[in-house]
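Below: one structure, written as structure tokens.
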């Protein structure tokens, strides 16, 4: 009798745990106060920290290098200012957080050099958090989007960004 009660109690505990862990209200938000689509994005949580140390378009220590990297990652900035892109940055590898609020001074602004086409940033994956960035297409002769989030992207959240 005791074995049956113990077994039944275990099953009830297990089913309660499984049911409550699938409750979306119990999932951890992307950041405090996150709401809406992508609010429970994992982003780069638990991954490595990549420092942006250069305002150059490409190469070592650049935003492009950090966004094109593999694995879970959180991107922080040790520089502030304008990053002038010759081509769009494509985020194709999931689990990334861009913490623009870590940039010193006036933060980070992305813009195209003369003649840039398409969006400044394309998101083509899942679990991406973009925060505190300024995306300025500028007068390039082509008036596209500053940011494009393409299918099959999911769990993408954009917070405190200015996109023109």
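Residue numbers (this note's numbering): 1 to 164. Glycine included, each C-beta is placed from N, C-alpha and C at the ideal position.
Start-to-end residues for the beta strand (DSSP E) that takes in residue 99: 96-99
Proximity winner among 158, 83, 144, relative to residue 52 (alpha-carbon distances): 83
Closest residue to residue 85 among 96, 32, 125, 116 (Cα-Cα distance): 116
Cβ shell of residue 129 (< 6 Å), same chain only, five flanking positions each side left out: 30, 41, 43, 97, 157
Straight-line Cα distance separating residue 63 from residue 121: 11 Å
Chain D contact for residue 82 (CB, 8 Å cutoff): Considering every chain present, this structure includes no chain D. It has just one protein chain.
Closest by C-alpha distance to residue 48, when choosing among 69, 38, 154, 133: For the set 69, 38, 154, 133, the Cα lying nearest the Cα of residue 48 is the one of 69.
Residue closest to residue 104, alpha-carbon to alpha-carbon, out of 54, 67, 32, 162: Checked all of 54, 67, 32, 162; the closest Cα to residue 104 is 54.
Proximal residues to residue 23 (C-beta, below 6 Å), its chain only, five neighbours per side dropped: Because residue 23 carries a pLDDT of 49, less than 50, the predicted location of this residue cannot be relied on, and the following value inherits that uncertainty. Hits under 6 Å: none found.
Proximity winner among 27, 38, 33, 28, relative to residue 127 (alpha-carbon distances): With distances taken between Cα atoms, residue 127 lies closest to 38.
Residue 131 and residue 164 closer than 8 Å at C-beta: For the 8 Å CB-CB criterion, residue 131 and residue 164 do not form a contact.
Option nearest residue 93 by Cα separation, candidates 108, 74, 87, 101: 74
Beta-carbon gap between residue 150 and residue 111 smaller than 8 Å: no
Residue range of the beta strand (DSSP E) that includes residue 55: Per DSSP, residue 55 belongs to no beta strand (DSSP E) and is neither H nor E.
Cβ-Cβ distance between residue 133 and residue 108 below 8 Å: yes
Every unbroken beta strand (DSSP E) inside the stretch 119-157 [3 residues or more]: Fully enclosed beta strand (DSSP E) runs of 3 or longer: 121-123, 128-131, 133-136, 147-149.
One or two residues paired with residue 83 in a DSSP bridge: 110
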